[in-house]
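If you read the sequence shown in our numbering, its first letter stands for residue 1008, the second for the next number, and so on. For glycine and all other residues, C-beta sits at the position ideal for the given N, C-alpha and C. Keep in mind that this is a model prediction, so the values were computed, not measured. Here is the structure we will look at.
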Amino acid sequence: MPVRWCLAVLAMAAALTCLCPLGWADEASAAEQSPHTLSLSDRTDHPALLDGGRDGAFHPEEALTWGELARAVNALADGLPQPASAMWLGETGRDGAYRGAAGLMAAGILDPDAAFQPDAGMTRADLAETLDRLGLLMEGEDQVWVRAVATAVSKGALLDDPATADGAQTVTRREAAVVLERLAGREPEPDSEALFDAGLMPSDVSRDDWAWPYMADACLTGAIPVREPGLVRMYGWLYEADENGELVRDAVDGVWCFGPDGRYTTGDADLDEKLAQALAASGANDLEGVEALQAAYLYVKDNFEYKLTPGDETPEAVGSTGWECGRAARFFRYGGGTCYGYAATFGLLARALGENAQIVAAQVNQFKGDHSFVVIPEDGTDWIYDVELEDARQYRHADLDLFHILNHAIYHYWYNASW
């Protein structure tokens, strides 16, 4: 089941302005009269919501237990009463489950007269009612959000099989990871390789599993920095955050296009991968600013050669666009190309680094020969990057430096700025 479909259902549920209580409807007034007013924890905190097994596995198909939910809710809710002996936050095992349950019982979320069975599996109806009860003790946006999650669970959204809303069906740990992550307002990066590279992925969770980012993130703990609005590079890829710190998805912003996963894309997955590999090989991922840009520039200069390849024989029309990705793809395929391949490849690498790189089809020198290069405007000044003319293997100008130069400094570039 696509994750995007699940989240869309939740978004629709969250948009409802009239949320009916799920379960314990006859006790709603008692819950609202509770002296405990709860709120969701600071979203910049990142407590572990579910524990992996002692064997290093997550056990996605096993049932979510009441004890696990009690620990997770205590990690997410501020204002829960804490037993006198409670240093339970972050504790695992049976003691943590009982202490977590004690806070929920004192707040009226769990029935204090019922025998608490921490190892018992939780049904969908159980989970929806418990979350709805939690939401009743909150105010404002927190209440709307938590009770919307409860509504989504009751309707089968965020779960493996949304076609059935069988309240008696047991909630799996896979499903619980998605529900708890959404409850916390956490949105793991679906294509991040960092969890695998850091060895943090549970051993029995596959990248082929639609919910793997949620399961992985639910196991992690530690502070998560709030993203500032603007471009941000993570795990070797470029993203953009909006004013709320959320990733921009399925949108175009200037020279950048962001896909459904929030990642910058050329629209060609194979080309995207080659650009990512080139940045990693160049060392640019370990650098910032002009140093990263220069590493990408030198990588293109030192690893490709000038040659005529199929499709490169005809110059691009002056001022034209739309040819950049095709030229770059051929440049990678054949290990080189003409000035258009050099400019397209370096320009796309620069964009992947977050630079406002303009890939130009224009002319050069007094004879106005057809030529292509990259322009990166900064504070009203156009800086030119001409990796093809600098390529010493072609022109034998070992001391020629065409990285970050002004027009007329060495050559006369003829182009009309439209940015």
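Coarse secondary structure for residue i, derived from DSSP in three states
| i | result |
| --- | --- |
| residue 1031 | For residue 1031, the predicted model reports a pLDDT of 36, less than 50, meaning its position is unreliable; a value from the coordinates is still stated below. Coil at residue 1031, not helix or strand. |
| residue 1131 | helix |
| residue 1247 | strand |
| residue 1048 | coil |
| residue 1158 | helix |
| residue 1420 | strand |
| residue 1137 | helix |
| residue 1259 | strand |
| residue 1276 | helix |
| residue 1254 | strand |
| residue 1070 | strand |
| residue 1040 | Reliability of the predicted coordinates at residue 1040 is poor, the pLDDT of 40 falling under 50, and no value is obtained from them. |
Other residues of its chain near residue i: CB distance less than 6 angstroms, five sequence neighbours each side excluded
| i | result |
| --- | --- |
| residue 1289 | 1302, 1303 and 1306 |
| residue 1374 | none |
| residue 1346 | 1378, 1379 and 1395 |
| residue 1212 | 1065, 1219 and 1222 |
| residue 1371 | 1378, 1418 and 1420 |
| residue 1329 | none |
| residue 1275 | 1332 |
| residue 1409 | 1393, 1396 and 1397 |
Endpoints, alpha helix (DSSP H) assigned at residue i
| i | result |
| --- | --- |
| residue 1301 | 1296-1310 |
| residue 1190 | 1180-1190 |
| residue 1220 | 1219-1226 |
| residue 1291 | Run containing residue 1291: none; DSSP gives neither H nor E here. |
| residue 1073 | 1073-1083 |
| residue 1339 | 1331-1341 |
Neighbourhood of residue i by C-beta, 7 angstroms cutoff - its chain only, sequence neighbours within 5 removed
| i | result |
| --- | --- |
| residue 1318 | 1337 |
| residue 1260 | 1247 |
| residue 1335 | 1278, 1348, 1351, 1352 and 1355 |
| residue 1236 | 1248, 1249 and 1250 |
| residue 1149 | 1046 and 1047 |
| residue 1321 | none |
| residue 1167 | 1008, 1179, 1181 and 1182 |
| residue 1124 | 1073 |
| residue 1224 | 1188, 1193 and 1195 |
| residue 1176 | 1130 and 1131 |
Boundaries (first-last residue) of the beta strand (DSSP E) holding residue i
| i | result |
| --- | --- |
| residue 1239 | 1237-1241 |
| residue 1411 | 1410-1412 |
Same chain, Cβ closer than 8 angstroms to residue i, five either side skipped, listed in chain order
| i | result |
| --- | --- |
| residue 1069 | 1179 and 1180 |
| residue 1384 | 1363, 1365, 1390, 1424 and 1426 |
| residue 1287 | 1243 |
| residue 1094 | Note on residue 1094: pLDDT 39, under 50, position unreliable in the model; the coordinate value appears next. Nothing listed; no residue qualifies. |
| residue 1263 | 1238, 1245, 1247, 1271 and 1358 |
| residue 1083 | 1047, 1048, 1054, 1056, 1187, 1190 and 1191 |
| residue 1414 | 1389, 1391 and 1420 |
Residue i, buried or exposed, once every other Cβ within 10 Å from all chains shown has been counted against 16
| i | result |
| --- | --- |
| residue 1139 | buried |
| residue 1297 | exposed |
| residue 1100 | With a pLDDT of only 48 at residue 1100, under 50, the local geometry of the prediction cannot be trusted, and the value read off the model is given with reservation. Classification for residue 1100: exposed. |
| residue 1173 | exposed |
| residue 1331 | buried |
| residue 1119 | exposed |
| residue 1220 | buried |
| residue 1081 | buried |
| residue 1282 | buried |
| residue 1393 | buried |
| residue 1067 | buried |
| residue 1209 | buried |
| residue 1228 | exposed |
| residue 1315 | exposed |
| residue 1001 | Residue 1001 cannot be examined here, being either before or after the span of the chain that is shown, 1008 to 1426. |
| residue 1273 | buried |
| residue 1147 | exposed |
| residue 1158 | buried |
| residue 1299 | buried |
| residue 1257 | exposed |
| residue 1044 | exposed |
Residue i: CB within 7 angstroms of a non-hydrogen atom of the ligand GTP
| i | result |
| --- | --- |
| residue 1151 | As far as ligands go, the structure on display features none, and thus does not contain the ligand GTP. |
Run through the segment 1344-1401 for me and flag every whole alpha helix (DSSP H) of 4 or more residues, listed as ranges in chain order. 1346-1359 and 1394-1397
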